[in-house]
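Novice: Under the UniProt record's numbering, the final residue of the sequence shown carries the number 241; numbering is consecutive throughout.
Here a beta-carbon is modelled for each residue, glycine too, at the ideal position from N, C-alpha and C.
Bear in mind that the values here come from a model prediction, so they are computed numbers and not experimental data.
Structure provided below as C-alpha coordinates; questions to follow.
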Amino acid sequence: MKYEIISLFTGFPGRSGRGFLGWSSIYLIKIFKEKNKSINLLFDTGGYNERNELKKRLSDLNLSPDDIDIVFISHLHFDHCINWTLFPSAEILIGEVELANSDPCIDINVPDFHKEELMKYKNLHVVREGEYIHGFEIVMLPGHTKGLLGLRNEDVFIVSDAVKNRSEINELKLMNVLDEKRAIETIKYLNENAQVIYPGHDGKLVIKNGKWDISNNLSESIFVAEVGESDFETSLLNKRG
(Lines of atoms letter the chains of each structure in order from A and count residues from 1; the text may use other names and numbers.)
(Lines give C-alpha, C1' and ligand atoms only; values in the text may rest on other atoms or scores of the structure.)
Protein backbone atom coordinates (compact mmCIF):
# COMPACT_ATOMS: atom_id res chain seq x y z
CA MET A 1 0.00 0.00 0.00
CA LYS A 2 1.30 3.43 -0.93
CA TYR A 3 0.53 6.40 1.26
CA GLU A 4 1.85 9.81 2.26
CA ILE A 5 1.52 11.46 5.67
CA ILE A 6 1.42 15.25 5.42
CA SER A 7 1.68 17.29 8.59
CA LEU A 8 -0.85 20.09 8.14
CA PHE A 9 -0.08 21.30 11.66
CA THR A 10 2.92 20.11 13.63
CA GLY A 11 2.01 19.89 17.27
CA PHE A 12 3.93 22.03 19.73
CA PRO A 13 4.72 21.02 23.34
CA GLY A 14 4.09 24.33 25.05
CA ARG A 15 1.89 26.10 27.54
CA SER A 16 1.47 29.67 28.69
CA GLY A 17 0.60 31.44 31.89
CA ARG A 18 -3.02 31.08 30.77
CA GLY A 19 -2.83 27.31 30.46
CA PHE A 20 -2.10 24.78 27.74
CA LEU A 21 -1.75 26.22 24.25
CA GLY A 22 -3.52 23.25 22.71
CA TRP A 23 -1.37 23.42 19.57
CA SER A 24 -1.95 19.87 18.40
CA SER A 25 -0.91 17.89 15.35
CA ILE A 26 -3.20 17.46 12.34
CA TYR A 27 -2.17 14.92 9.73
CA LEU A 28 -3.48 14.42 6.23
CA ILE A 29 -2.97 10.84 5.07
CA LYS A 30 -3.18 10.39 1.32
CA ILE A 31 -3.79 6.73 0.53
CA PHE A 32 -3.10 5.96 -3.10
CA LYS A 33 -5.40 3.53 -4.84
CA GLU A 34 -5.45 2.08 -8.33
CA LYS A 35 -6.21 4.17 -11.42
CA ASN A 36 -4.68 7.35 -9.98
CA LYS A 37 -7.31 7.59 -7.25
CA SER A 38 -6.55 8.47 -3.65
CA ILE A 39 -8.35 8.58 -0.32
CA ASN A 40 -7.91 11.71 1.80
CA LEU A 41 -7.97 10.82 5.48
CA LEU A 42 -7.68 13.59 8.06
CA PHE A 43 -6.28 12.44 11.40
CA ASP A 44 -7.65 14.85 14.04
CA THR A 45 -8.94 18.33 13.32
CA GLY A 46 -7.21 20.73 15.73
CA GLY A 47 -8.72 23.44 17.88
CA TYR A 48 -11.22 26.15 17.02
CA ASN A 49 -8.47 28.76 16.78
CA GLU A 50 -7.00 26.83 13.83
CA ARG A 51 -10.27 26.65 11.92
CA ASN A 52 -9.51 29.21 9.21
CA GLU A 53 -5.87 28.20 8.87
CA LEU A 54 -6.85 24.55 8.48
CA LYS A 55 -9.00 25.42 5.49
CA LYS A 56 -6.18 27.54 4.06
CA ARG A 57 -3.60 24.78 4.40
CA LEU A 58 -5.91 22.34 2.69
CA SER A 59 -6.45 24.89 -0.07
CA ASP A 60 -2.67 25.18 -0.47
CA LEU A 61 -2.78 21.47 -1.36
CA ASN A 62 -5.62 22.10 -3.83
CA LEU A 63 -8.11 20.51 -1.47
CA SER A 64 -11.39 21.78 -0.06
CA PRO A 65 -13.19 20.39 3.00
CA ASP A 66 -15.42 18.46 0.59
CA ASP A 67 -12.35 16.60 -0.68
CA ILE A 68 -11.78 14.97 2.71
CA ASP A 69 -13.19 11.44 2.57
CA ILE A 70 -12.58 10.37 6.17
CA VAL A 71 -12.03 12.24 9.43
CA PHE A 72 -10.47 10.07 12.12
CA ILE A 73 -10.94 11.49 15.63
CA SER A 74 -8.39 10.02 18.03
CA HIS A 75 -10.16 11.29 21.13
CA LEU A 76 -12.70 13.91 22.11
CA HIS A 77 -10.51 16.63 23.60
CA PHE A 78 -11.13 20.17 22.38
CA ASP A 79 -7.77 20.59 20.65
CA HIS A 80 -8.19 17.46 18.53
CA CYS A 81 -11.86 17.03 17.66
CA ILE A 82 -13.66 20.31 17.47
CA ASN A 83 -13.36 21.08 13.75
CA TRP A 84 -15.10 17.92 12.55
CA THR A 85 -18.04 20.13 11.59
CA LEU A 86 -15.97 21.60 8.73
CA PHE A 87 -16.26 18.34 6.79
CA PRO A 88 -19.93 17.68 5.98
CA SER A 89 -19.11 15.21 3.20
CA ALA A 90 -16.70 13.09 5.21
CA GLU A 91 -17.22 9.88 7.07
CA ILE A 92 -16.38 10.59 10.72
CA LEU A 93 -14.66 7.77 12.62
CA ILE A 94 -14.57 7.70 16.42
CA GLY A 95 -13.78 4.90 18.83
CA GLU A 96 -16.55 3.04 20.63
CA VAL A 97 -14.82 3.23 24.02
CA GLU A 98 -13.96 6.92 23.63
CA LEU A 99 -17.49 7.83 22.64
CA ALA A 100 -18.99 5.92 25.56
CA ASN A 101 -16.65 7.36 28.19
CA SER A 102 -16.15 11.03 27.24
CA ASP A 103 -18.11 13.34 29.53
CA PRO A 104 -17.42 17.09 29.87
CA CYS A 105 -18.73 16.93 33.43
CA ILE A 106 -15.86 14.57 34.30
CA ASP A 107 -13.15 15.63 31.83
CA ILE A 108 -13.04 19.41 31.37
CA ASN A 109 -11.06 18.97 28.13
CA VAL A 110 -14.11 17.46 26.39
CA PRO A 111 -16.01 20.33 24.72
CA ASP A 112 -19.64 20.82 25.65
CA PHE A 113 -22.30 19.66 23.17
CA HIS A 114 -19.92 18.20 20.57
CA LYS A 115 -20.37 14.59 21.63
CA GLU A 116 -24.14 14.91 21.43
CA GLU A 117 -24.01 16.53 18.00
CA LEU A 118 -21.46 14.02 16.77
CA MET A 119 -23.74 11.14 17.75
CA LYS A 120 -26.48 12.63 15.54
CA TYR A 121 -24.19 12.97 12.52
CA LYS A 122 -25.45 10.96 9.56
CA ASN A 123 -22.00 9.74 8.48
CA LEU A 124 -20.70 8.77 11.93
CA HIS A 125 -18.98 5.39 12.02
CA VAL A 126 -18.08 3.95 15.42
CA VAL A 127 -14.88 1.88 15.20
CA ARG A 128 -12.99 -0.59 17.36
CA GLU A 129 -9.44 -1.76 17.87
CA GLY A 130 -8.29 -4.25 15.25
CA GLU A 131 -10.36 -2.87 12.39
CA TYR A 132 -8.62 -1.64 9.25
CA ILE A 133 -9.07 1.57 7.28
CA HIS A 134 -7.60 1.34 3.79
CA GLY A 135 -4.59 -0.61 5.06
CA PHE A 136 -4.14 1.17 8.40
CA GLU A 137 -4.85 -0.83 11.54
CA ILE A 138 -6.80 0.86 14.34
CA VAL A 139 -4.94 0.48 17.64
CA MET A 140 -6.14 1.23 21.16
CA LEU A 141 -3.74 3.51 23.04
CA PRO A 142 -5.36 4.20 26.43
CA GLY A 143 -4.02 6.31 29.26
CA HIS A 144 -4.47 9.92 28.20
CA THR A 145 -8.14 9.05 27.83
CA LYS A 146 -9.87 5.73 28.29
CA GLY A 147 -10.49 5.12 24.61
CA LEU A 148 -7.86 7.01 22.60
CA LEU A 149 -7.25 5.40 19.21
CA GLY A 150 -4.34 5.62 16.81
CA LEU A 151 -3.45 4.23 13.40
CA ARG A 152 -0.68 1.80 12.52
CA ASN A 153 0.96 0.71 9.29
CA GLU A 154 3.69 -1.80 10.10
CA ASP A 155 6.12 0.11 12.36
CA VAL A 156 4.70 3.58 11.64
CA PHE A 157 2.26 4.82 14.29
CA ILE A 158 0.05 7.92 14.38
CA VAL A 159 -0.73 8.21 18.07
CA SER A 160 -2.14 11.64 18.97
CA ASP A 161 -1.84 12.27 22.73
CA ALA A 162 -0.88 8.71 23.62
CA VAL A 163 2.54 10.33 23.21
CA LYS A 164 2.22 14.08 23.37
CA ASN A 165 5.94 14.80 23.03
CA ARG A 166 9.38 13.22 23.15
CA SER A 167 9.79 13.73 26.92
CA GLU A 168 6.84 11.47 27.59
CA ILE A 169 8.23 8.52 25.66
CA ASN A 170 11.89 9.03 26.60
CA GLU A 171 11.57 9.98 30.25
CA LEU A 172 7.97 9.08 31.16
CA LYS A 173 7.31 12.71 32.08
CA LEU A 174 3.55 12.35 31.77
CA MET A 175 1.13 15.25 31.92
CA ASN A 176 -2.64 15.32 31.76
CA VAL A 177 -3.30 11.57 31.75
CA LEU A 178 -6.47 9.92 32.98
CA ASP A 179 -4.78 6.63 33.91
CA GLU A 180 -1.02 6.77 34.45
CA LYS A 181 -0.57 2.99 34.62
CA ARG A 182 -2.26 2.43 31.27
CA ALA A 183 -0.43 5.39 29.74
CA ILE A 184 2.90 3.81 30.70
CA GLU A 185 1.77 0.46 29.27
CA THR A 186 0.88 2.20 26.01
CA ILE A 187 4.30 3.85 25.83
CA LYS A 188 5.96 0.47 26.47
CA TYR A 189 3.94 -1.03 23.61
CA LEU A 190 5.02 1.78 21.28
CA ASN A 191 8.67 1.43 22.28
CA GLU A 192 8.50 -2.26 21.42
CA ASN A 193 6.69 -1.88 18.10
CA ALA A 194 7.31 1.54 16.56
CA GLN A 195 10.15 2.95 14.48
CA VAL A 196 8.31 6.14 13.54
CA ILE A 197 5.78 7.97 15.73
CA TYR A 198 3.57 10.90 14.80
CA PRO A 199 2.70 12.42 18.23
CA GLY A 200 0.01 14.79 19.41
CA HIS A 201 2.11 17.81 20.39
CA ASP A 202 5.54 17.47 18.85
CA GLY A 203 7.26 16.81 15.54
CA LYS A 204 7.58 13.43 13.87
CA LEU A 205 9.65 11.17 16.14
CA VAL A 206 12.38 8.75 15.08
CA ILE A 207 15.14 6.93 16.97
CA LYS A 208 18.42 8.87 17.16
CA ASN A 209 21.30 7.58 19.28
CA GLY A 210 19.02 5.29 21.21
CA LYS A 211 16.37 7.92 22.02
CA TRP A 212 13.30 9.30 20.37
CA ASP A 213 13.88 12.69 18.79
CA ILE A 214 12.22 14.91 16.21
CA SER A 215 13.22 14.29 12.62
CA ASN A 216 13.27 18.03 11.82
CA ASN A 217 13.65 21.23 13.83
CA LEU A 218 10.51 22.43 15.57
CA SER A 219 9.46 26.07 15.91
CA GLU A 220 6.41 28.28 16.04
CA SER A 221 5.92 32.04 15.85
CA ILE A 222 3.72 34.36 17.86
CA PHE A 223 2.84 37.69 16.25
CA VAL A 224 1.98 40.65 18.46
CA ALA A 225 -0.94 42.58 16.97
CA GLU A 226 -1.05 46.38 16.80
CA VAL A 227 2.36 46.81 18.39
CA GLY A 228 4.22 46.45 15.15
CA GLU A 229 4.45 43.10 13.48
CA SER A 230 7.33 41.86 15.57
CA ASP A 231 7.47 38.15 16.11
CA PHE A 232 9.31 36.66 19.03
CA GLU A 233 10.40 33.31 20.32
CA THR A 234 9.95 32.45 23.96
CA SER A 235 12.53 30.51 25.93
CA LEU A 236 10.27 27.48 25.57
CA LEU A 237 10.33 27.77 21.78
CA ASN A 238 14.11 27.94 21.84
CA LYS A 239 14.36 25.04 24.25
CA ARG A 240 12.11 22.76 22.28
CA GLY A 241 13.37 23.62 18.84
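How many angstroms separate the CA atom of Y188 from the CA atom of W212?
Specialist: Correcting the residue type first, residue 188 is Lys in the shown sequence and not Tyr. Their backbone Cα atoms lie some 13 angstroms apart in a straight line.
Novice: D44 and S167: beta carbons closer than 9 angstroms?
Specialist: No, they are not a contact pair.
Novice: Figure out for me which residue from R182, I70 and N165 has the closest Cα to the Cα of F12.
Specialist: Nearest C-alpha to F12: N165.
Novice: Helix, strand or coil, according to DSSP, for H134 in the structure here?
Specialist: Reduced to three states, the DSSP call for H134 is coil.
Novice: Roughly how many angstroms lie between the CA atoms of K204 and N193, to the nearest whole one?
Specialist: Spanning the two alpha carbons is a distance of roughly 16 angstroms.
Novice: Scan the stretch 137-219 and note each continuous alpha helix (DSSP H) run of 4 residues or more that stays entirely inside, going in chain order.
Specialist: You should have 166-171 and 180-193.
Novice: Are the CB atoms of residue 251 and I39 nearer to each other than 9 angstroms?
Specialist: With the chain running from 1 to 241 in the structure shown, residue 251 is simply not present.
Novice: Would DSSP call V97 helix, strand or coil?
Specialist: In this structure, V97 counts as helix in the three-state DSSP scheme.
Novice: Report all residues from its chain with a CB closer than 7 angstroms to the CB of residue 280; omit the five preceding and five following residues, and keep chain order.
Specialist: Because the chain is modelled from 1 through 241, residue 280 falls outside the range shown and cannot be assessed.
Novice: Buried or exposed: L58, going by 16 or more other Cβ atoms within 10 Å of its Cβ?
Specialist: Burial call: buried.
Novice: What is the DSSP secondary structure of R128, reduced to helix, strand or coil?
Specialist: DSSP places R128 in coil when its eight states are reduced to three.
Novice: Roughly how many angstroms separate the alpha carbons of D67 and L141, rounded to a whole number?
Specialist: The straight-line gap from Cα to Cα measures roughly 28 angstroms.
Novice: Can you name, in chain order, every residue of its own chain whose Cβ lies under 8 angstroms from the Cβ of Y48, other than the five neighbours on each side?
Specialist: Result list for Y48: F78, I82 and N83, in chain order.
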